[in-house]
Each structure stands twice: as structure tokens, then as C-alpha cells.
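Trainee:
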Amino acid sequence: MMLRSFSIREELLNNFRAAYARMWVRLRGANRDPISLVAEIGLPILTIGAYVILYKAIGFPSTAGAAVIIGGAMVAFWTNVLWNMSSQWFWEREQGNLEMYLVAPVSRMSILLGMALGGGLNTAIRALGIVLLGIFVFQVPFQLRDPLLVGVVFVLTLLALYALGMLFASLFMLYGREVWNTANLLQEPVYFLSGAYFPGFYGPIVPGAIQVVGSLIPMTIGLDAIRRLAIGGGDIASVWLHIIALIACTLILFPIARRALNYMESLGKKEGRLTLRWQ
Amino acid sequence: MVALDQVDLEVYDDEIFGLLGPNGAGKTTLIKILCTLLSPTEGLALIKGLDVVKRASQIRRIINLVSGGETPGYGILSVKENLWFFSQLYGLPRDFAKDRISKLVDQLELQDYLNTRMSKLSTGYKQRLNLARGFVNDPAVLFLDEPTLGLDVLSARHLRTLVKDWIRTGGKTVLLTTHYMAEADQMCDRVGIINRGKILALDTPQRLKTKVAGGATWKIEITPNLSQPESVKSVPGVVGLSQTDNIESGVTTLKLVLEDESVMSDILSKIRENGCRVLNMGKSEPTLEDVYISLVGTGFE
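Protein chains in written order, with our numbering: chain A, 451 to 729; chain B, -18 to 282.
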């Protein structure tokens, strides 16, 4: 039997279909259960609220509250990246889906891309809910001079963040339950290192070393840029370096994620660990 | 640990080939290698002439895998949604996928559950959905890894019929692993008996049984079970023995494959020495189980 070669267009189309389908599953799955929507918007507000009230109590300007609301919304993306991207292959393996993905004639990157798009869109709905609810409840001021630029920076942040998620997903492909601990280990420190819950991460209070380490996380860069644009009334001049850094992150992380995924898949095939469950 | 050792076999078009062996024999390992999920440490495995290691992406277009006891898919999605999703992993255009899903749903009698969430399906219907997923890309080679595991008799029969009908459409190959002897006997054109990673015998079920028929196969019901089965096995002329206990009735069925029947009196003496009472005994037509017993010396127990 001679197998027909697929053209690049056909390959791309097939992978696009797979990515779209995986995105659709994530969107459909996450929104079919309305309780999760309520929980994922409502619960973060409690944490955000605590910080907003604290900053008001100690006499910080009201922009600190706005910074925390944006930070809280971005935290939703980080949580999504950790629990629904980085550890996703683990869940897929436990459900018996990983085998199906690996037997299917599509790039695993298209599956990860679908997960990322679905996760990003889902979380964007939740993040928007958090911001709107936060503004409504806490009456914090925003100064949006250039909403389009905010949108661009936001999208670039998500691209860099989910590229990091794809890298983690690839690296943790063979992980068993330790993926939970790893996700936990990465969760809280990033809340701190990104300055999600306090204003002025790049100000004089935060030690330089922490600023440097935090700058390795795309969320820190994106969050700072969004805050400058949405609260400080900044323009392109105040965030151009952020934009370059975010683009660079994406361009670096995406191919590394691809290589890592190929390597881990190959290693898993050799060691027989790709479909090994209950680890 | 060696999972597969010097396995050398060829499976043809339009054939249902069965790999029969106990748990840990190497059946699933072989299937995983052929499905591109595992890399062999050495040797060569080809699907339609393509190397499973070097040409994996091409091979994946023409294969699919259905594992028994597995329920791939997403519980929160319906049957229809799950099938659509899997069809997209094979790049099926929308209308084409819709037609294919519609046909599969009819064939597998899933119509009443089309909009039911997968999490709400019974085990049998989940396995039907799993099988529908396996057919969704109309593969040239379908791997069925213990597909009837955990299914009731009717569902298992339905699934077997479906696979046999499908292979008749032409140009298809099925590689089936099972440890149900009757299933292999009923479904497979040829069977390979595998144990501890080695293929012990490979032929049509009929020919394999004929090879055993040269000797004699006996079925003896006793109670209680043999405390020292080795004492019976060691009787000269005994090729193999399997012992199956029925916990409910307390009756144990011995299946014996003998070189000839002259050793029966010695066997009965040994059974009595084990403190067992013979309830029933008789010659039986050789089955694939007898073939296995004659090759390995024991049953799957």
C-alpha cells in the first residue's frame, strides 16, 4: 500500500483542525458547569478585596487597589497555565486521552496550542469578570489613554505566558503525581515574584535581585506594562521595552517548548513511560 | 526485563490476527510498538512497509487503537461531541466527519445516547463509543487491545460482529489482543500464542487445535481443588494442566492435555492422593486453551 504524501497546506489544515477542536473542548467543557464560572470569578475577588482594603487602610493611593485588581486578573491566567497547561498531559494520560493524541497524525504542538487558546479565552472571560466586579465593588480608578495598546500588550503577555505553559507541559509530560507538587511550587512564588498583589514591583521597595528574578516571568513584564497603561495613563514610550521583552519571550519559549516536547516524547517512548499511569 | 523477545510475525490485509496470551505476556507492548507509542530497543516493526520509528507520522494516518477498559474522551462532552473531537484529530472535514459519525452511531446503536454526556454512559456504551472513535478515521489497520474487557456477553458479541463485518469491507487489518480463548477462536483468521514475550505458536485456530488433537484433551471436575497440582503435572505423558476454580459451586475444572490416554489411571490416582473427589470427567474437543496448555504447560491461571 502506497501512502499518499500530504502537502504542507493539508498538514497545516489538519493541525489547525486539531488545535481548534482541542480549544473547543476546553471552552465547552469549562463553561458547561456554571458553578465553576461563578467560583472562578467570585473567589479571586475575596483575595483581591483583602488587599484593596488593606491598601486603603494604610493610606495608599487608590491606584494601588486598581493595580491589585489587574494583578488578581492576571493571576487567573497563571493559575490556568499551571493547572490546565503544565499539568494537562498528566490528566490526559490518566483519562486515557494521551494515547489517543499520540496515535493521532497531528503535531502535539497543535494540541497544546488548542489547550492554550482555549485556556486563554476561558480565562480572559473570567479575568474580565474579575476586573469588572473589582471596579464595581471597590470603585477604583483606571486611566485608559490607549485601549488598543493595552489590548496589544495583554495579547502579547498571554502569548508569552502560554508559550511558557507549553514549555512546562512538555517538560512535565512524563511526570506523575509530582506534577501537582511542581505546580504548587510554582504557584505562590510567582504571585509574589510578579508583584500581582502589590503595586510598584519595579519601585525602590522591592530588592533588585527579586526584580531581576521576577522579570524572567512573562507575567511580571506584562502586568507591569498593563498597569502603566491602564492606571498610570502611560503610552507606548513607557512600555516599548516591555513589548520587546514579551515578543522575545514568545519567540524564545515557543521553539524551546517544541524541542522539549519532541525530546520528552522520544524519551517516553524509549522508556515506556508515555502511557504509564498511576505513577 | 525483556518484554518481547525475537517476535517475528507478519499480519496480512483482510485479516483479523489474534495475539493470545496471559497478562504480562507482551501483547500490549507489541501493540504499543506498532501504534508508535513505544520504541523497540532493537529490531524492526513495519506497518504497510513503513518503519514505525522512522515513519511514525505517516503510519498514524492509517491506524487507530481501541483499548478495552479505557474510556478516552471527555466526560463532560456528549457522545456526538466526543466523536466530532476525535474526528478532528484526523483532519476530517466538517461534513465528512458528520456523515462518518452518523454512520458509526447507527452501526454501534448509539442513537439514543447521541447527546448524552460520556460520563453518564454505562461501561458497555462507553466501550461502544470507544470503538466508534477507533473507526472514526476508517483506519487501514485497527489495533484492538482486549476490546471486550469488562463487557457483558451481549455487548461483547455485538462488538465482535461489528469488527468482523468491518473487516469484510476490504483492505483492512485488525490486530487483536485478548486473553479470552473463545474470542480469539471465533474472531481470528490466525492466532499467535504469546507468553513471556515469545511467540510460541502461530497458525489458524483450526490448525493449532488440530496439532493438539494428536494427543488427548480431558476435562475433569473435582472437589476440592488440587493442593499439589505439580504432582499431577509430573505424571509422565501429561503435556499440560490447567485448574479453574468455581468459588460458588466449589467445583474445580481440570483441563489436561495428554500425549495419550494410557496415563489416565495414573492421573486419577494422583488426584485421589491430593484428597480430591472426581465429580465428572470426559474427553473434550481441543480448544485454543488446550493449545495454550500444551505449549506452556499451564493455563492462564
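No residue lacks a Cβ here, since even glycine has one placed at the ideal position from N, Cα and C.
None of the values given here were measured: they were computed from a predicted structure.
Label residue 283 of chain B either buried or exposed according to how many other C-beta atoms from any shown protein chain fall within 10 Å of its C-beta, with 16 as the threshold for buried.
Mentor: Any answer about residue 283 of chain B is impossible in this case: the structure gives chain B only from -18 up to 282.
Trainee: Any contact between the region 506 to 520 of chain A and the region 548 to 557 of chain A? By contact I mean 3 or more CB pairs, one from each, below 8 Å.
Mentor: no
Trainee: Buried or exposed: residue 576 of chain A, going by 16 or more other Cβ atoms within 10 Å of its Cβ?
Mentor: buried
Trainee: In the region 127 to 159 of chain B, which residue ranges form an unbroken beta strand (DSSP E) of at least 3 residues, counting only runs that do not cross its ends?
Mentor: 154 to 159
Trainee: Can you check whether the CB of residue 236 of chain B is closer than 8 Å to the CB of residue 223 of chain B?
Mentor: yes
Trainee: Distance check for residue 144 of chain B and residue 181 of chain B, CA to CA, integer angstroms please.
Mentor: 26 Å
Trainee: Skipping 5 residues on each side, what residues in its chain have a beta carbon closer than 8 Å to that of residue 162 of chain B?
Mentor: 1, 268, 269, 270 and 273
Trainee: Compute the distance between the beta-carbons of residue 53 of chain B and residue 111 of chain B, then report whether it is under 8 Å.
Mentor: yes
Trainee: Under 8 Å, CB to CB, which of the residues in the region 543 to 560 of chain A have a partner in chain B?
Mentor: Cβ proximity to chain B below 8 Å picks out 545, 546, 547, 549, 550, 551, 552, 553, 554, 555 and 556 from the region 543 to 560 of chain A.
Trainee: Hey, is the region 161 to 177 of chain B in contact with the region -7 to 8 of chain B, meaning 3+ C-beta pairs nearer than 8 Å?
Mentor: Yes, the region 161 to 177 of chain B is in contact with the region -7 to 8 of chain B.
Trainee: Going by DSSP, what residues sit across from residue 656 of chain A in a beta bridge?
Mentor: Answer is none; residue 656 of chain A lacks a bridge partner.
Trainee: Grab me the residues of residue 241 of chain B's own chain with a C-beta within less than 8 Å of its C-beta, minus the 5 sequence neighbours each way, in chain order.
Mentor: Excluding residues within five positions, the ones whose Cβ falls inside 8 Å are 196, 197 and 218.
Trainee: Quick check on this structure: which residue in A/615, A/549 and A/579 has the alpha carbon closest to the alpha carbon of residue 567 of chain A?
Mentor: A/615
Trainee: Grouping DSSP H, G and I as helix and E and B as strand, with all else coil, what is residue 224 of chain B?
Mentor: DSSP places residue 224 of chain B in strand when its eight states are reduced to three.
Trainee: Can you give me, in chain order, the residues of the region 90 to 107 of chain B that have a beta carbon less than 9 Å from any beta carbon in chain A?
Mentor: 98
Trainee: The alpha helix (DSSP H) spanning residue 204 of chain B covers which residue range?
Mentor: Per DSSP, residue 204 of chain B belongs to no alpha helix (DSSP H); it is in the beta strand (DSSP E), 197 to 204.
Trainee: Can you list, in chain order, the residues of its chain whose CB lies under 8 Å from that of residue 167 of chain B, leaving out five sequence neighbours each side?
Mentor: Only 141 meet the Cβ criterion.
Trainee: Taking the alpha carbon of residue 61 of chain B as the point to measure from, which residue in B/81, B/48 and B/42 has its own alpha carbon closest?
Mentor: B/81
Trainee: Pick helix, strand or coil for residue 107 of chain B, following the three-state DSSP scheme.
Mentor: helix
Trainee: From which residue to which residue does the beta strand (DSSP E) around residue 262 of chain B run?
Mentor: Segment 258 to 264, the beta strand (DSSP E) holding residue 262 of chain B.
Trainee: Going by beta carbon distance, what residues of the same chain come within less than 7 Å of residue 276 of chain B, once the five residues before and after it are set aside?
Mentor: 174, 181 and 182
Trainee: Counting beta carbon pairs with one atom in the region 74 to 89 of chain B and one in the region 489 to 505 of chain A, are three or more of them shorter than 8 Å?
Mentor: no
Trainee: Establish whether the CB of residue 468 of chain A and some CB of chain B are separated by less than 8 Å.
Mentor: yes
Trainee: Relative to the C-alpha of residue 188 of chain B, which candidate in B/58, B/204 and B/169 has its C-alpha closest?
Mentor: B/169
Trainee: Taking just the CA atoms, how far does residue 76 of chain B sit from residue 37 of chain B?
Mentor: 28 Å
Trainee: Helix, strand or coil: how does DSSP classify residue 513 of chain A here?
Mentor: helix
Trainee: How far does the beta strand (DSSP E) with residue 467 of chain A in it reach, from first residue to last?
Mentor: From DSSP, residue 467 of chain A is part of no beta strand (DSSP E) but of the alpha helix (DSSP H) over 458 to 482.
Trainee: I'd like to check one pair, residue 463 of chain A with residue -1 of chain B: are the Cβ atoms closer than 8 Å?
Mentor: Result no, Cβ atoms of residue -1 of chain B and residue 463 of chain A do not sit closer than 8 Å.
Trainee: Within this structure, are the beta carbons of residue 633 of chain A and residue 486 of chain A separated by less than 8 Å?
Mentor: no
Trainee: Could you name the residues of chain B that residue 464 of chain A contacts, counting a contact when the two beta carbons are closer than 7 Å?
Mentor: Within 7 Å Cβ-Cβ: 72.
Trainee: With distances taken from CA atoms, which of B/265, B/228, B/247 and B/203 is nearest residue 213 of chain B?
Mentor: Nearest of B/265, B/228, B/247 and B/203 to residue 213 of chain B, Cα basis: B/247.
Trainee: Roughly how many angstroms lie between the CA atoms of residue 587 of chain A and residue 521 of chain A, to the nearest whole one?
Mentor: 16 Å
Trainee: Taking the straight line between their C-alpha atoms, what separation do you get for residue 499 of chain A and residue 477 of chain A?
Mentor: 28 Å
Trainee: List the residues that DSSP assigns as beta-bridge partners of residue -4 of chain B.
Mentor: Looking at the DSSP assignment, residue -4 of chain B forms a beta bridge with B/154.
Trainee: Going by the beta-carbon positions, is the gap between residue 549 of chain A and residue 46 of chain B smaller than 8 Å?
Mentor: yes
Trainee: Under a Cβ-count criterion, where at least 16 other Cβ atoms within 10 Å of its own Cβ denotes burial, should residue 668 of chain A be classed as buried or exposed?
Mentor: With at least 16 other beta carbons inside 10 angstroms of its own, residue 668 of chain A counts as buried.
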